[in-house]
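Peer 1: Just passing along the structure, written as structure tokens.
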Amino acid sequence: MFGEYWGGMLTVSSTIILTQLVLLRLARSARYMLSTMRGAIPLVALVFLLSLLGVLESAVAYGELLYRASASSIRFLAFLTSFNIFFLTTSPDEFGQLLLKLRIPYVYSFTFVAAVRLAPVIADEAQEIIDAQRSRGVEFEKGNPLKRLRVLVGLFVPLLINSLRRAYEMAEALEVKCFGASERRTTYKEIRATRRDILAAIVILAAFTLVLTAKSLKLFTGLP
Amino acid sequence: MAIEVSNLSFRYAGATQWALRNISLSIEEGEFAVFTGATGCGKSTLFKCLIGLIPQMYPGEYLGRVVVDGLDPAQTPVSRMAQKVGMVFQNPDNQLFALTVENDVAFALENLGLERAEIERRISKAFKMMGIEDLRKRSPFELSGGQKQRVAIASILALEPDILILDEPTSSLDGATAKKLLEELGEIRRREGITVLISEHRLDLVVREATRLIVIEEGQIVADGEPREVVHDLLEDGYEKVELPKLSRLAWMLGLRGADSIPVTREEFVERFLGVGK
Amino acid sequence: MIRIDSVWYEYPSGTVALRNVNLVINRGEIVAFMGENGAGKTTLLKHLNGLLKPTSGKVEVDGVDTRTSTVASLSRHVGLVFQNPDNMFFCTSVLEEVSYALTRFGYSREEVRRRAEEVLKLFNLWHYRDSSPFTLSGGEKKRLAISIVVAWMPSYIVIDEPTTGLDGWGKRMLMDLLLHLKDSERGIILSSHDVEFISEIAARVVLLRRGEVIADGPAEDILTDTALLEEASLLTPQIPSLLYELKRRGLKDLNHKCLRLDEAVRYLSAILGRSGSNWRGDVV
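Chains as they are written, first to last, in the numbering used here: chain A, 2 to 225; chain B, 3 to 280; chain C, 3 to 286.
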């Protein structure tokens, strides 16, 4: 019975990992991906430990315990790596254009791109505010939870006020750049699917079908 | 006449003070007009009136009349005004929206629904004007402050405006970068015949390019004219609210002044100084 | 005394922002760190109150190694004012804003009130004490930001880009305040690329380029050295630049180590006066 479990899991995880490797090869960013994933190892270990503790009480057999913990870890890893691949390979600009092609109104794809564009600016600003407050005696990492909540006012008020100002400034800039002026907005860069994109789509679809068929044929009975 | 402002007063909705008081001003085509004055004196408010952001985006009490390139900015949609009057703001981070420089410069043109070939033509020209062809494929994140502001200016020049308004475009730049940018703007004005309106605190960096110097205080124009004459008059009146070029101050103290004008650049100072002995 | 000893700093992103910086800053000095944007000025300032700790080397404030102390306790001695005042304010009134740090640093209620009043009067902001800091103009905000730090009278007042966003009036006012604050017990450290401002007030200039100190010395030596300033991508201040040009145009023995407006007036009027109608011959 355990043999079946492990076999199933091996199939699923190797499918996921293989698919991801192929995608990475296509995107030519395998090395970078590996370096960023190194930081995830402690997290995965933590998930493994936690799920081990979580099922400990149900007093199941030792093998199943190990099996379930490994399954959660692999799930978590698959989740992490998938996100990582998405953000490493997809330019938000292009993703925005894709949304447009899917006939999602421009305002939404614009909002998405602007949010991605602003994220690092706001992160820098938050760091600057924290530094400024620490320099006037605010200690963010000290005291009881209530006190800590109170000092956070020193971060959030300036952040909020700056964001309001930024919102006005951006609105002005959008106005003078004729945002929404024409019903038929054109796009300067059009995204076209290249051969590699199609190949990637085929790989994903194939892997997806494989796992689904396996599941519907109950190839791995008792998989959680 | 590129711009004609007559008896313009404006008070923001909810404010007690008038932000602009009875401003009358005319600016001819091809001028390089420098606006200066203390922070909060009303320069930005005036600029917003010229493109119609006031009163269209910011309502309030609006008196008087403005004509820009034959259009009334109070009545004309901002997107239409923007094709005649380009406006560049202080902080480049808040006026760049895309993730590559070329998409940013194309942004306004896409909004207007222009054909791809036309967009290509215009952005190539704008890149060339600002000398940033090599930044085309870069991301705005990785650029320096000066480069970002150049991209912001290019993205407005791509609209091919007759008038370019820049609201404190150099305030976050260091002196050397600011000076270079201001000189390039002067060059663009001379070459393309664009009318330039700019607000700037550091007069010594910009005065060389200026054909006109306008000083605003508390919503009113307190001086307006040829820069050498305006600086002369301000020195004569002991006006302290703006930072006049140090060398003009020096020339004044040394008595190197004409009847109604004073050197504002190094070369003019040197000529006057060496001329004294002759 | 602040001692910066072979300091290297590398940001987590891998950018090396400081390269082997060695400096000693004494109380009673006005020192300006100068260089173009990105030269490492702000990174260096953040080392002075321990916000950043050196990757290698060490920083000592009055004998205390910044690695062994907290930002809060170092800040009592080294008051750092950030470039953008909007990043500082979060209280409902100007008076509270100034009182906040004083209370954090443990002053009694009366002392907080006394110091707040004194500093707000000094900075000409007392009439705004009950206003919200967000309603102030740019120049007033900048003054408030500096007054917040001056209120607890740190031994070293450190100001990042004191003149950004200030108009001519604001700059003059700030200049007077800084000269007023300068005494033998207090060091004033500025970072700036505003050569005109610094040439009027600073005695010592430290030039930075790409994280390295490329010069350190009296302002009248450094800010008159055109080649050196160019290396640091800074403009030459108007007065030395003018004297340099006069020299190039024939006044060969012109001593162009003159920086401040009052010195230039004295110096040049002497030349104009001494020479009479045929003065060019005298000087050349």
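Each residue gets a CB set at the ideal place from its N, CA and C atoms; glycine is no exception.
So, with DSSP's three-state summary, where would you put residue 284 of chain C?
Peer 2: Low confidence applies here, because residue 284 of chain C scores a pLDDT of 35, under 50, leaving its location unreliable; read the following figure in that light. If DSSP states are grouped into helix, strand and coil, residue 284 of chain C belongs with the helices.
Peer 1: Sort C:66, C:115 and C:76 by Cα distance to residue 53 of chain C and report the nearest one.
Peer 2: Among C:66, C:115 and C:76, the Cα nearest to that of residue 53 of chain C is on C:76.
Peer 1: In chain order, what residues of the same chain lie with their CB nearer than 6 Å to the CB of residue 130 of chain C, ignoring the 5 residues before and after it?
Peer 2: Excluding positions up to five away in sequence, the list reads 96.
Peer 1: Could you spell out where the beta strand (DSSP E) holding residue 36 of chain C opens and where it closes?
Peer 2: First-last of the beta strand (DSSP E) with residue 36 of chain C: 32 to 36.
Peer 1: Count the CB pairs spanning the stretch 55 to 64 of chain B and the stretch 170 to 184 of chain A that are closer than 8 Å, and state whether there are at least three.
Peer 2: Verdict: yes, contact present.
Peer 1: Quick one: which residues of the stretch 18 to 40 of chain C get their C-beta closer than 7 Å to a C-beta of chain B? List them in chain order.
Peer 2: Flagged, chain order: 38, 39 and 40.
Peer 1: Can you give me the C-alpha to C-alpha distance between residue 83 of chain C and residue 129 of chain A, rounded to a whole angstrom?
Peer 2: Roughly 12 Å separates the two Cα atoms.
Peer 1: Any idea what DSSP makes of residue 83 of chain C, helix, strand or coil?
Peer 2: The answer is strand: DSSP assigns residue 83 of chain C an E or B state.
Peer 1: Name, going along the chain, the residues of the stretch 73 to 101 of chain B whose beta-carbon falls closer than 8 Å to a beta-carbon of chain C.
Peer 2: Here the close residues number zero.
Peer 1: Is the distance from the Cβ of residue 151 of chain B to the Cβ of residue 171 of chain B below 8 Å?
Peer 2: Result yes, Cβ atoms of residue 151 of chain B and residue 171 of chain B sit closer than 8 Å.
Peer 1: Apply the 10 Å Cβ neighbour rule to residue 286 of chain C and answer buried if 16 or more other Cβ atoms are within range, or exposed otherwise.
Peer 2: Any reading at residue 286 of chain C needs caution, since the residue's pLDDT is 30, under 50, leaving its predicted position unreliable; the model's value is listed next. Exposed, because fewer than 16 other Cβ atoms sit within 10 Å of the Cβ of residue 286 of chain C.
Peer 1: Which stretch, first to last residue, makes up the alpha helix (DSSP H) that contains residue 89 of chain B?
Peer 2: Unbroken run through residue 89 of chain B is the beta strand (DSSP E), 87 to 90; no alpha helix (DSSP H).
Peer 1: Can you tell me whether residue 68 of chain A is buried or exposed, with buried defined as 16 or more other CB within 10 angstroms of its CB?
Peer 2: By the neighbour-count rule (16 or more Cβ atoms within 10 Å), residue 68 of chain A is buried.
Peer 1: Are the CB atoms of residue 62 of chain C and residue 189 of chain C nearer to each other than 8 Å?
Peer 2: In this structure, residue 189 of chain C does not lie closer than 8 Å to residue 62 of chain C by Cβ.
Peer 1: Closest by CA to residue 180 of chain C, which one among C:22, C:166, C:241 and C:152?
Peer 2: The residue with the shortest Cα to Cα distance from residue 180 of chain C is C:152.
Peer 1: If I measure Cβ to Cβ from residue 248 of chain B and keep anything under 8 Å in the same chain, skipping five residues before and after, which residues do I get?
Peer 2: Excluding sequence neighbours, residue 248 of chain B sits near 206.
Peer 1: Step through the CB atoms of chain B and report whether any lies within less than 8 Å of the CB of residue 182 of chain A.
Peer 2: Yes, residue 182 of chain A lies at the interface with chain B (some Cβ there is under 8 Å from its Cβ).
Peer 1: For residue 246 of chain B, name the three-state secondary structure that DSSP assigns.
Peer 2: Note: residue 246 of chain B maps to coil in three-state DSSP.
Peer 1: Under a CB-based cut-off of 8 Å, is residue 244 of chain C close to chain B?
Peer 2: Chain B, which has a Cβ nearer than 8 Å to the Cβ of residue 244 of chain C, makes this yes.
Peer 1: Measure the beta-carbon distance from residue 48 of chain C to residue 132 of chain A and round it to whole angstroms, keeping in mind my assumption that it falls under 8 Å.
Peer 2: 7 Å between Cβ atoms; contact.
Peer 1: In terms of residues, what are the limits of the beta strand (DSSP E) holding residue 222 of chain B?
Peer 2: From DSSP, the beta strand (DSSP E) with residue 222 of chain B extends over 222 to 227.
Peer 1: List the whole-angstrom C-beta distance separating residue 103 of chain C from residue 211 of chain C, where the pair is believed to meet the contact cut-off of C-beta under 8 Å.
Peer 2: That belief does not hold up - the Cβ atoms of residue 103 of chain C and residue 211 of chain C are roughly 34 Å apart, past 8 Å.
Peer 1: Could you confirm whether any beta carbon from chain A is found closer than 8 Å to the beta carbon of residue 188 of chain C?
Peer 2: For residue 188 of chain C, the answer is no, since every Cβ of chain A falls outside 8 Å of its Cβ.
Peer 1: Cβ of residue 193 of chain A less than 8 Å from any chain B Cβ?
Peer 2: No, residue 193 of chain A lies away from the interface with chain B (no Cβ there is under 8 Å from its Cβ).
Peer 1: In its own chain, which residues sit with a C-beta less than 6 Å from the C-beta of residue 180 of chain B, not counting the 5 before and 5 after it?
Peer 2: The answer, listed in chain order, is 172 and 207.
Peer 1: Using 8 Å as the threshold, is the stretch 220 to 238 of chain C in touch with the stretch 268 to 277 of chain C, meaning 3 or more CB pairs across them?
Peer 2: No, because fewer than three Cβ pairs between the stretch 220 to 238 of chain C and the stretch 268 to 277 of chain C fall closer than 8 Å, the two stretches do not touch.
Peer 1: Taking Cβ to Cβ, would you say residue 12 of chain B is nearer than 8 Å to residue 47 of chain B?
Peer 2: Cβ atoms of residue 12 of chain B and residue 47 of chain B: closer than 8 Å.
Peer 1: Which value, in whole angstroms, describes the spacing of the CA atoms of residue 194 of chain B and residue 5 of chain B?
Peer 2: If you take the alpha carbons of residue 194 of chain B and residue 5 of chain B, they lie about 18 Å apart.
Peer 1: According to the neighbour-count rule (16 or more other Cβ atoms, all chains shown, within 10 Å of its Cβ), is residue 228 of chain A buried or exposed?
Peer 2: There is no way to answer for residue 228 of chain A, as the model of chain A reaches only from 2 to 225.
Peer 1: Could you tell me whether any Cβ in chain B is nearer than 8 Å to the Cβ of residue 15 of chain A?
Peer 2: Closer than 8 Å: no.
Peer 1: In angstroms with no decimal places, state the Cα-to-Cα distance between residue 278 of chain C and residue 270 of chain B.
Peer 2: Residue confidence is low: residue 278 of chain C scores 44 on pLDDT, short of 50, so the model does not pin down where it sits. No coordinate-derived value is stated.
Peer 1: Verify whether the separation of the beta carbon atoms of residue 175 of chain B and residue 147 of chain B is less than 8 Å.
Peer 2: Yes, the pair counts as a contact, with Cβ atoms nearer than the cut-off.
Peer 1: Under 8 Å between beta-carbons, which chain B residues line up against residue 173 of chain C? List them in chain order, please.
Peer 2: Residues of chain B passing the Cβ test: 245.
Peer 1: Given that residue 59 of chain B touches chain A, what residues does it touch there, using C-beta distances under 8 Å?
Peer 2: In chain order: 172, 173 and 176.
Peer 1: Expressed to the nearest angstrom, what Euclidean distance is found between the alpha-carbon atoms of residue 15 of chain B and residue 143 of chain A?
Peer 2: For residue 15 of chain B and residue 143 of chain A, the distance between alpha carbons rounds to 44 Å.
Peer 1: Which chain B residues sit within Cβ distance under 8 Å of residue 208 of chain C?
Peer 2: The contacting residues do not exist; residue 208 of chain C stays about 16 Å from chain B at best.
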